[in-house]
Amino acid sequence: MAPAVPRSGDAIFANVERVNAELFTLTYGAIVRQLLTDLEEVEEVNKQLDQMGYNIGIRLIDEFLAKSNVTRCVDFRETAEVIAKVGFKMFLGVTASVTNWDTEGTCCSLILDDNPLVDFVELPDTCQGLYYCNILSGVVRGALEMVSMKTEVTWVRDMLRGDDAFELQVKLLKQVPEEYPYKDDE
Amino acid sequence: MQFFGGSEISPSPPVPTASGNNAHMMYIFNRNGVCLLYREWNRPLRTLDSNQDHKLMFGLLFSLKSLTAKMDPSSTEKGNLGVPQLPGQGCSFHSFRTNTYKLSFMESPSGIKIILVTHPKASDLRESLKYIYNLYVEYVVKNPLYTPGTPIRSVENLIDFNFHYTIGPEASYSTQLLTNMCEVSDDLAQVSLLQHLVYNG
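Protein chains in written order, with our numbering: chain A, -9 to 176; chain B, 170 to 370.
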């Protein structure tokens, strides 16, 4: 069982700067629409959203660590709990729940009950392969990579595609320990 | 170690005045050993060129961290000395003091290491190091023109820690200085706003 985090997501959420949720949703929608117009291929758009999310994630991790004061997580279970309860709350204003742990504890699912990115959104028939919220998978992957965890993050269930919830599967591939970066020639 | 400031003859440097800089040097490293920022305010003795100086500092900290983790009496599992540590394992030191200086260290789980070298009488600086980390996040990480992993160079990125450092920095002075320095054009402001929106929610 994960121990209590030092500052709860709610407390931090109350302290960070917030923007209007609708503005955020509509801005994100405009980004996705523009990507669809520019790239035309749904697969390309998915990849580009993931890459954008990755670039955000590598920076977001520092802000998360600075503002939330969490101690180092002991194992991946604790990491997933912290992401769901503190991370999502701090940046999106919603909490997620962690389920579907596999036997080794390296793969879990984050279920988002409420996803602010998809308010007012419907996918037309021409974009059926689109993972609209793919930016979130990139963000989680980028952030975890900066704390030495290589992961694979994919959408298992997506409400815009007809499922009943948003389920993000996070799979830990390996933990990369820190190595001495300099060569021994100096 | 006469590498850092102070002379060998006198046992300790003069006591700092009530106001003014008490920090001698500051380093910020990332996880790959790249020195992102180096600032000095009071350093009478320099023995190596800056590249080697940074490498030496990074190597020192890396080894010290490894050593302190291995010598931890409360931890149950220990690898051999020199085996890289997984994140989350092991404790980390936070300062050491000699008769001429005190070195305070903070490492975030993302590998950002912040080092402050000060007068030996300085008290525990962990709060100040956290404050510096927050400034780093606000002005460097959130800057869309900054590439992560490169040294902090351009004017837009410059965190001029001209903090008049007694025991705690003066927050308002440094943020004012930074706001004045970050003169962004309209385009950049829009990019920055968009990034801020997508980033912050």
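Using N, Cα and C, we set each Cβ at its ideal position, and we do this for glycine too.
In this text, all values refer to a predicted model and were calculated from it rather than measured experimentally.
At the level of alpha carbons, what is the spacing between residue i and residue j?
i, j, result
"I283 (chain B)", "F274 (chain B)", "6 Å"
"I2 (chain A)", "Y207 (chain B)", "31 Å"
"E53 (chain A)", "Y18 (chain A)", "21 Å"
"R295 (chain B)", "N268 (chain B)", "20 Å"
"S341 (chain B)", "N201 (chain B)", "Low per-residue confidence applies at S341 (chain B): pLDDT is 38, beneath 50, and the placement is therefore not dependable, though the value from the model is reported in the following sentence. Those two C-alpha atoms are separated by around 32 Å."
"K140 (chain A)", "L162 (chain A)", "6 Å"
"S297 (chain B)", "A192 (chain B)", "11 Å"
"N90 (chain A)", "V160 (chain A)", "10 Å"
"T344 (chain B)", "V146 (chain A)", "For T344 (chain B), the predicted model reports a pLDDT of 41, less than 50, meaning its position is unreliable; a value from the coordinates is still stated below. Distance between the alpha carbons of T344 (chain B) and V146 (chain A): 44 Å."
"P338 (chain B)", "A155 (chain A)", "With a pLDDT of 39 at P338 (chain B), under the threshold of 50, the predicted position of this residue should be treated as unreliable, though the coordinate-derived value follows. Approximately 48 Å between the Cα atoms of the pair."
"L25 (chain A)", "G119 (chain A)", "14 Å"
"P182 (chain B)", "G280 (chain B)", "In this prediction, P182 (chain B) scores a pLDDT of 47, lower than 50, which makes its location untrustworthy; no coordinate-derived value is stated."
"L205 (chain B)", "M149 (chain A)", "43 Å"
"V130 (chain A)", "T216 (chain B)", "43 Å"
"N326 (chain B)", "G95 (chain A)", "At N326 (chain B) the pLDDT is 46, less than 50, meaning the model places this residue with poor confidence and gives no usable figure here."
"V6 (chain A)", "Y308 (chain B)", "15 Å"
"L229 (chain B)", "V72 (chain A)", "32 Å"
"P242 (chain B)", "C260 (chain B)", "10 Å"
"D115 (chain A)", "I125 (chain A)", "21 Å"
"A238 (chain B)", "R62 (chain A)", "14 Å"
"H333 (chain B)", "N105 (chain A)", "At H333 (chain B) the pLDDT is 34, less than 50, meaning the model places this residue with poor confidence and gives no usable figure here."
"V9 (chain A)", "A74 (chain A)", "21 Å"
"E30 (chain A)", "T144 (chain A)", "22 Å"
"L285 (chain B)", "F78 (chain A)", "33 Å"
"Y44 (chain A)", "V203 (chain B)", "21 Å"
"V22 (chain A)", "E276 (chain B)", "37 Å"
"V306 (chain B)", "N312 (chain B)", "9 Å"
"I321 (chain B)", "P171 (chain A)", "19 Å"
"V64 (chain A)", "L304 (chain B)", "27 Å"
"K164 (chain A)", "F231 (chain B)", "22 Å"
Based on Cα-Cα distance, which residue from the options lies nearest to residue i?
i, options, result
"A4 (chain A)", "A:T89, A:D65, A:E94 and A:L82", "A:L82"
"V111 (chain A)", "A:T15, A:A11 and A:T85", "A:T15"
"S292 (chain B)", "B:V309, B:Y270 and B:V306", "B:Y270"
"F66 (chain A)", "A:M42, A:K79 and A:D92", "A:D92"
"D230 (chain A)", "A:E168, A:V143 and A:L102", "The structure shown does not extend to residue 230 (chain A), since chain A is modelled only from -9 to 176, so the question has no answer here."
"C98 (chain A)", "A:A133, A:E7, A:A11 and A:T69", "A:T69"
"A133 (chain A)", "B:P278, B:Y315 and B:T237", "B:P278"
"K290 (chain B)", "B:P313, B:L272, B:I321 and B:V203", "B:L272"
"D222 (chain B)", "B:H288, B:L236 and B:Y196", "B:Y196"
"K299 (chain B)", "A:V84, A:V60 and A:N36", "A:V60"
"V84 (chain A)", "A:R23, A:Q38, A:K164 and A:A11", "A:A11"
"W210 (chain B)", "B:T287, B:D218, B:R322 and B:E276", "B:T287"
"E33 (chain A)", "A:A86, A:L13, A:V64 and A:C117", "A:C117"
With DSSP as the reference, identify every bridge partner of residue i, one or two as the case may be.
i, result
"S99 (chain A)", "A:T89 and A:Q159"
"A192 (chain B)", "B:T287"
"V143 (chain A)", "A:V160"
"F265 (chain B)", "B:L272"
"L163 (chain B)", "Residue 163 (chain B) falls outside the range modelled here, since chain B spans only 170 to 370, and no answer is possible."
"K282 (chain B)", "B:F198 and B:E276"
"Q165 (chain A)", "A:M139"
Do the CB positions of residue i and residue j come within less than 8 Å of each other?
i, j, result
"Y122 (chain A)", "V108 (chain A)", "yes"
"S127 (chain A)", "D28 (chain A)", "no"
"L100 (chain A)", "L158 (chain A)", "yes"
"R212 (chain B)", "M194 (chain B)", "yes"
"K234 (chain B)", "F265 (chain B)", "no"
"M42 (chain A)", "S58 (chain A)", "no"
"Y315 (chain B)", "A56 (chain A)", "no"
"E135 (chain A)", "I46 (chain A)", "no"
"G(-1) (chain A)", "V76 (chain A)", "yes"
"I51 (chain A)", "V137 (chain A)", "yes"
"N220 (chain B)", "G318 (chain B)", "no"
Note down, in chain order, every chain A residue with its Cβ under 7 Å from the Cβ of residue i.
i, result
"I281 (chain B)", "D52"
"P320 (chain B)", "Per Cβ cutoff of 7 Å: no residues; P320 (chain B) is ~15 Å from chain A at best."
"N201 (chain B)", "P171"
"F231 (chain B)", "Y170"
"N211 (chain B)", "Here the premise fails: no neighbours, minimum Cβ distance about 27 Å."
Starting from the beta carbon of residue i, find every residue of chain A whose beta carbon is closer than 8 Å, and list them in chain order.
i, result
"P317 (chain B)", "I48 and R49"
"S277 (chain B)", "D52, L55 and A56"
"Y270 (chain B)", "Ordered by position in chain A, no residue passes the 8 Å Cβ test against Y270 (chain B), which lies about 24 Å from the chain."
"V286 (chain B)", "Within chain A, no residue comes near V286 (chain B); the closest Cβ sits about 21 Å away, beyond 8 Å."
Who are the neighbours of residue i on chain A, taking C-beta pairs under 9 Å?
i, result
"Y302 (chain B)", "D52, L55 and A56"
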